[in-house]
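As they're listed, the protein sequences go chains A and B.
Quick note: the first sequence uses the numbering used here, first residue 60, plus one each step.
Quick note: the second sequence uses the numbering used here, first residue 242, plus one each step.
Glycine included, each C-beta is placed from N, C-alpha and C at the ideal position.
Report on the following structure.
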Amino acid sequence: MRRATVVAFVLLATACSGLIDEPDHPSELAGAPGLRALSQTAYVSSVRAVLGDDVPVEPLGRWETSIAAARGGVSPELTEQYEASAMSTTAYVFDDPSRALALTGCVPSGEEDDACAREAIGRLGRRAFRRRLTDEELTRYLTLAHDVGEGDGWRGLRFATAGLLESPHFLYRVEIGDEGKATSLGDRFSDDEIAARLAFLLWNAPPDDALLDRVEQGALSTDEGVAAVVDSMLEDPRADAGRRRFFADLFQLDALRRVQKREEQFPEFDEALVLDMREQLVRTAVAAANDGGMRSVFTTRSTFLNRRLAEHFGIAGEFGEDMTRFELPPTDARAGVLTLPAFLTLQSYPASTGPALRGLFVRRDLLCQDIPPPPPGVSTVLPESSDMPMTARQALSGHQRSANCVACHSLMDPIGLALEHFDAVGHYRRFDHDLPIDPSGDLDGVPFEDAAGLGAAVGAHPRLMRCLTEAMYASGAGQRVAPESARALQRLLGKLDRDAFTLDDLFRAVATSDLFLYLEPS
Amino acid sequence: MRPRRFLPRRTFLRGALATGAGAVVGLPVLDAMLDSGGALADGGRYPDRFVLWFWGNGNIPEEWAPSTTGPGWEPTEQLEGLRAFKDKVHVISGTELPVANQSNPHAEGVVAILGGTNAVTSPDYHNQGDNWDWMTYAGPTIDEVAAGVVGTAPFRSLSLTLTTPRESLGPGTVIEYISHRAPYLPNPATRDPAAVFDRLFGTGTPRVGAPTRDELARASVLDAVLADARSLDARLGASDRARLELHLDSIRDLESRLSRTITNACTPPERAEMALSDRENARLLNELAALAFACDLTRVIAVQMSSPASLVDFPDPFPSGLVSRGQNVSYHVYVHENGPDRTAIRGVAYFMEVLGDLLGTLDGTMEADRSLLDRSVVFGTTEVSNGWDHRFYDFPLLIAGGGNGRLRPGSHVRTSGLASRGALTCLRALGSDAASWGADQLYTTDPVSEILT
Numbered sequence: 060m061r062r063a064t065v066v067a068f069v070l071l072a073t074a075c076s077g078l079i080d081e082p083d084h085p086s087e088l089a090g091a092p093g094l095r096a097l098s099q100t101a102y103v104s105s106v107r108a109v110l111g112d113d114v115p116v117e118p119l120g121r122w123e124t125s126i127a128a129a130r131g132g133v134s135p136e137l138t139e140q141y142e143a144s145a146m147s148t149t150a151y152v153f154d155d156p157s158r159a160l161a162l163t164g165c166v167p168s169g170e171e172d173d174a175c176a177r178e179a180i181g182r183l184g185r186r187a188f189r190r191r192l193t194d195e196e197l198t199r200y201l202t203l204a205h206d207v208g209e210g211d212g213w214r215g216l217r218f219a220t221a222g223l224l225e226s227p228h229f230l231y232r233v234e235i236g237d238e239g240k241a242t243s244l245g246d247r248f249s250d251d252e253i254a255a256r257l258a259f260l261l262w263n264a265p266p267d268d269a270l271l272d273r274v275e276q277g278a279l280s281t282d283e284g285v286a287a288v289v290d291s292m293l294e295d296p297r298a299d300a301g302r303r304r305f306f307a308d309l310f311q312l313d314a315l316r317r318v319q320k321r322e323e324q325f326p327e328f329d330e331a332l333v334l335d336m337r338e339q340l341v342r343t344a345v346a347a348a349n350d351g352g353m354r355s356v357f358t359t360r361s362t363f364l365n366r367r368l369a370e371h372f373g374i375a376g377e378f379g380e381d382m383t384r385f386e387l388p389p390t391d392a393r394a395g396v397l398t399l400p401a402f403l404t405l406q407s408y409p410a411s412t413g414p415a416l417r418g419l420f421v422r423r424d425l426l427c428q429d430i431p432p433p434p435p436g437v438s439t440v441l442p443e444s445s446d447m448p449m450t451a452r453q454a455l456s457g458h459q460r461s462a463n464c465v466a467c468h469s470l471m472d473p474i475g476l477a478l479e480h481f482d483a484v485g486h487y488r489r490f491d492h493d494l495p496i497d498p499s500g501d502l503d504g505v506p507f508e509d510a511a512g513l514g515a516a517v518g519a520h521p522r523l524m525r526c527l528t529e530a531m532y533a534s535g536a537g538q539r540v541a542p543e544s545a546r547a548l549q550r551l552l553g554k555l556d557r558d559a560f561t562l563d564d565l566f567r568a569v570a571t572s573d574l575f576l577y578l579e580p581s
Numbered sequence: 242m243r244p245r246r247f248l249p250r251r252t253f254l255r256g257a258l259a260t261g262a263g264a265v266v267g268l269p270v271l272d273a274m275l276d277s278g279g280a281l282a283d284g285g286r287y288p289d290r291f292v293l294w295f296w297g298n299g300n301i302p303e304e305w306a307p308s309t310t311g312p313g314w315e316p317t318e319q320l321e322g323l324r325a326f327k328d329k330v331h332v333i334s335g336t337e338l339p340v341a342n343q344s345n346p347h348a349e350g351v352v353a354i355l356g357g358t359n360a361v362t363s364p365d366y367h368n369q370g371d372n373w374d375w376m377t378y379a380g381p382t383i384d385e386v387a388a389g390v391v392g393t394a395p396f397r398s399l400s401l402t403l404t405t406p407r408e409s410l411g412p413g414t415v416i417e418y419i420s421h422r423a424p425y426l427p428n429p430a431t432r433d434p435a436a437v438f439d440r441l442f443g444t445g446t447p448r449v450g451a452p453t454r455d456e457l458a459r460a461s462v463l464d465a466v467l468a469d470a471r472s473l474d475a476r477l478g479a480s481d482r483a484r485l486e487l488h489l490d491s492i493r494d495l496e497s498r499l500s501r502t503i504t505n506a507c508t509p510p511e512r513a514e515m516a517l518s519d520r521e522n523a524r525l526l527n528e529l530a531a532l533a534f535a536c537d538l539t540r541v542i543a544v545q546m547s548s549p550a551s552l553v554d555f556p557d558p559f560p561s562g563l564v565s566r567g568q569n570v571s572y573h574v575y576v577h578e579n580g581p582d583r584t585a586i587r588g589v590a591y592f593m594e595v596l597g598d599l600l601g602t603l604d605g606t607m608e609a610d611r612s613l614l615d616r617s618v619v620f621g622t623t624e625v626s627n628g629w630d631h632r633f634y635d636f637p638l639l640i641a642g643g644g645n646g647r648l649r650p651g652s653h654v655r656t657s658g659l660a661s662r663g664a665l666t667c668l669r670a671l672g673s674d675a676a677s678w679g680a681d682q683l684y685t686t687d688p689v690s691e692i693l694t
């Protein structure tokens, strides 16, 4: 107890005086999870991969990102929901003869030795388990179909398929490696597991029949083979889901739907606008990341607008419901995703901007720098300006005068103050409390004049590439880069063009890395 | 084999609602099998029930405890809502909750009081978002441990919330939900009475008698799924195996619910939709809680008035909402900005009024000669002793109910030592012979024996 207290004190005293890059998080639960629960979107894509893309299915589970799902358990309530979902989705298909026949391609007889049922369970089972069923598994589900079907082949097949969708082999991504494949780099994941890792990383969906066929032909057994498969997967239209997911996770856009703003102040803030904001940021980032490279995501003036967003931006013109590409003039205050309303809205309070929140996000989530919470016992309330109006910069100057605050806030506040021209829902504003706004500042020695300059400084920051790489690895692998894997991470980073790397370059580098393909790369 | 507790006879329960608008429901009665000592004629006992009742963000410690100790305590302003039940409520004051790290007092405090351990931070946390979204328990919370003590019912536990919690963006849910079965495994709390109703009673007419053909088929599917899992088990590491085992337990519970023959069912009340008022909604949930106990559908209920830190809106307690500096704010922000003022005290008083509603519902529901409150142990607590500078002294602990005769009549006990003693006391009141509760600096072998018979 005494020792823990002392350690905590030392950490707090030093955390922001020099940046701590690798915070120590001791845990009894360390180690890569071998079973990873499915995120909400991965559950939906997984059910549809088995039963077809038109099947209505609810996003179950409480995890929106794959890294949050990685160590998650399945509660009694979620068990019930998974079961109910398996029953309703299979009923949707099998209660309709044409849908059922389209899925199976044959009519099951319901007999004990039903060739159609055997073929269908084998094929659906391979999609569900992301590998070929073992003989034992195939027999188990065939027996189940026969027993519960009571002579009705479709009924039996429906319940057997529901079983596939309730099995731990479906509800978890099993990643325990291939015992026979120990190499000098450590244990490699099995080819089936690699296919699933690649598919969830690049498509946010499980492998399809074609990919599973290629796996069985040995396409993933060599590093060259993996590289070729990754290239073709990035060509597939489904790769867009992976690209979109990457930015949605990075900017925590799932949190947008629970953001609340003060109604009297922002009456136009509604669900439709929030969805537009989200879509705009994702589209802008994906387009910039492949057209101009990942660094241009923070500087691009090419964005997407529809009627609502154009109004929000104060831009006149003909806009409809659909979003179209729009080039902001080179003099526009907005440049890069940090000036888009989705980011600005998320990193704000209900009624006011949050310069420290915005700065904290850039430091922690884009540059992978640790900023600890305020020390215990410190009031986080800034003095209220009752009689004299103040800008956020003036209000936050209180941080500079407090020894408890200055070390960390001098890292966060200047970033957020550069974005003060954008209010709590991302409107442009010229004044704060009728006072002029000074957006100039400095990011780790790089001075900037305004928000566009901040974007350029973030985009050019030497820590950005590594941090984005770690974020992509974490969402694909379901764990962060372990300290022991630092050398494997360096090998991965060495493959990237520091200045011009694109989003697909990043996907390719991560997907083909030792870090991603081996359980414990040395 | 589950004990069959439902007898072929029905009576009526009128929920003891303050509004007088209680639902009338048919209930199985057990009094036919009652002997004079309160035990069942077949030698069994009436089930023990446990309620964990939690409010977030602490209280105002200096003005919490009654001025006198022992029975007949006089409620303070904060405790006023419990006045009607003070003979069945123990106020335990003077303990402390030593939290090791305090990088995040709300997260660490709730793990300490409900789990008895220090919080665990995910090894995957790497500066993304708030660190409390990545913190979890090292093991089960007190309500889950209690579920292991009081024996099985069709539902292992119910997890209810009276307010909408702040959703976690990470794998850790210590700030979102109180009840946890294991690390990263919360029992998500439900706010909508209709959803609770559907889970307990199904969406159709509740079945009496043997399972239907489809229910048996669904149970067979689950049997196959359980067999499927066996091939996996041997190749997993210890924490994955533990996680899978809990999932399989849930599958087994569902399988046995589907395949059981129901000899006599509770007649459910009318299915109620979510009420507009929080207080009214809480009353609907209280009714369902009492019913779930009375029908022996579950023996453990975890209720969160608000999630740890109380980052939730309370439209009801203050006629115009909580306003600080011209903005509607959560109780958390209010207390941070204003400290222990009258409104902050009024907030805690409101929480206790809502707890009083639940105690009233349980006390107004009879099971043979005793009320459900008499058969229950209700543990009321929070995660910090105050919400403005996050201290852990004079920690608020409430233990209510009769514990099926194991708890003495209500009193104020002024004591000292660890707040962990509260959880250990509850386990003893449920009939457990647990020797200790908690780990490391939270370890205790010392229940508050003054309140146990």
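Please name the residue, chosen from B/A394, B/A585, B/H331 and B/A451, that lies closest to B/V225 on a Cα-to-Cα basis.
The structure shown does not extend to residue 225 of chain B, since chain B is modelled only from 242 through 694, so no value can be given for it.
Span of the alpha helix (DSSP H) around A/D272:
D268 to E275
Taking only beta-carbon positions, decide if A/E142 is within less than 8 Å of chain B.
By this cut-off, A/E142 is an interface position.
Would a C-beta distance cut-off of 8 Å place B/E337 and B/F534 closer than the cut-off?
no
When DSSP builds the beta bridges, which residues end up paired with A/E330?
Bridge partners of A/E330: none, in fact.
Given a cut-off of 8 Å on the beta-carbon distance, is the pair B/Y378 and B/N372 in contact?
no
Are A/T483 and A/A510 touching if we call contact CB-CB under 8 Å?
Sequence inspection shows Ala at residue 483 of chain A; the Thr mentioned does not correspond to that position. Cβ atoms of A/A483 and A/A510: not closer than 8 Å.
Which residues in chain B have a C-beta closer than 8 Å to the C-beta of A/R539? List them in chain order.
P364, D365, Y366 and H367
Mind listing, in chain order, the continuous beta strand (DSSP E) runs of no fewer than 3 residues lying wholly within the region 395-470 of chain B?
399-402 and 421-423
Can you name the residues of chain B whose CB is closer than 9 Å to the CB of A/P414?
Chain B residues near A/P414: none, gap ~17 Å exceeds 9 Å.
Report the option in A/P135, A/V341 and A/F385 whose CA atom is closest to the CA atom of A/T362.
A/F385
Of all the CB atoms in chain A, is at least one closer than 8 Å to the CB of B/I492?
yes
By the criterion of Cβ-Cβ separation under 7 Å, what are the contact partners of B/V466 in chain A?
G222, E225 and S226
Throw me the rounded Cβ distance for the B/E456 and B/L499 pair, which I believe falls under 8 Å.
5 Å
Decide if A/D26 is buried, meaning its Cβ has at least 16 other Cβ atoms within 10 Å, or exposed.
Summary: the structure shown does not reach residue 26 of chain A, with chain A confined to residues 60 through 581, and so no result is reported for it.
Applying the 10 Å Cβ sphere with the 16-neighbour rule, what's the burial state of A/A264?
By the neighbour-count criterion, in which 16 or more other beta carbons inside 10 Å mark a residue as buried, A/A264 falls on the buried side.
Backbone secondary structure at A/R316 - three-state DSSP
helix
Are the beta-carbon atoms belonging to B/F326 and B/A664 less than 8 Å from one another?
Cβ atoms of B/F326 and B/A664: not closer than 8 Å.
Measure from the alpha carbon of B/T502 to the alpha carbon of each residue in B/P452, B/N345 and B/V574, then state which is nearest.
B/P452
For B/W375 and A/P433, I'd like the C-alpha separation in whole angstroms.
17 Å
Helix, strand or coil: how does DSSP classify B/D474 here?
helix
Compare the beta carbon distance of A/R214 and A/V207 with 8 Å and say whether it is the shorter of the two.
yes
Members of the region 580-613 of chain B that neighbour chain A once the beta carbon cut-off is set at 8 Å:
Those residues of the region 580-613 of chain B that come within reach of chain A (Cβ to Cβ, closer than 8 Å) do not exist; the list is empty.
Do A/V517 and A/L419 have their C-beta atoms within less than 8 Å of each other?
no
Sorted by chain position, which residues of the same chain lie with C-beta nearer than 7 Å to A/L576's C-beta, five sequence neighbours on each side aside?
R247, F248, I253 and V285
Looking only at its own chain, which residues have a Cβ that is under 7 Å from the Cβ of B/I354, when we skip the five neighbours before and after it?
L338, T622, E624 and A660
Compare the C-beta of B/E408 with all C-beta atoms of chain A and state if any pair is closer than 8 Å.
yes
Any idea if A/T73 is buried or exposed, counting beta-carbon neighbours within 10 angstroms, 16 or more meaning buried?
Caution applies to A/T73, whose pLDDT of 44 falls short of 50 and renders its modelled position unreliable; the model cannot decide the point.
Got a sec, what are the start and stop residues for the beta strand (DSSP E) B/I542 sits in?
V541 to Q545
To the nearest angstrom, how far is the alpha carbon of B/L603 from that of B/A530?
8 Å
Is B/P434 closer than 8 Å to B/Y418 when the C-beta atoms are compared?
Not a contact, by the Cβ cut-off of 8 Å.
Considering just the uninterrupted stretch of the beta strand (DSSP E) at B/A331, what are its terminal residues?
Before going further, note that residue 331 of chain B is His rather than Ala in the sequence given. Run containing B/H331: V330 to T336, per the beta strand (DSSP E) assignment.
Where does A/D381 land, buried or exposed, given buried means 16+ other C-beta within 10 angstroms?
exposed
Within 8 Å of any Cβ in chain B, is that where the Cβ of A/L88 sits?
The pLDDT assigned to A/L88 is 47, lower than 50, so where the model puts this residue is not dependable, and the model offers no usable value.
Quick one: Cα of A/E543 to Cα of A/L578, how far?
12 Å
Residue from B/L401, B/E318 and B/L477 whose Cα sits closest to the Cα of A/E136:
B/L401
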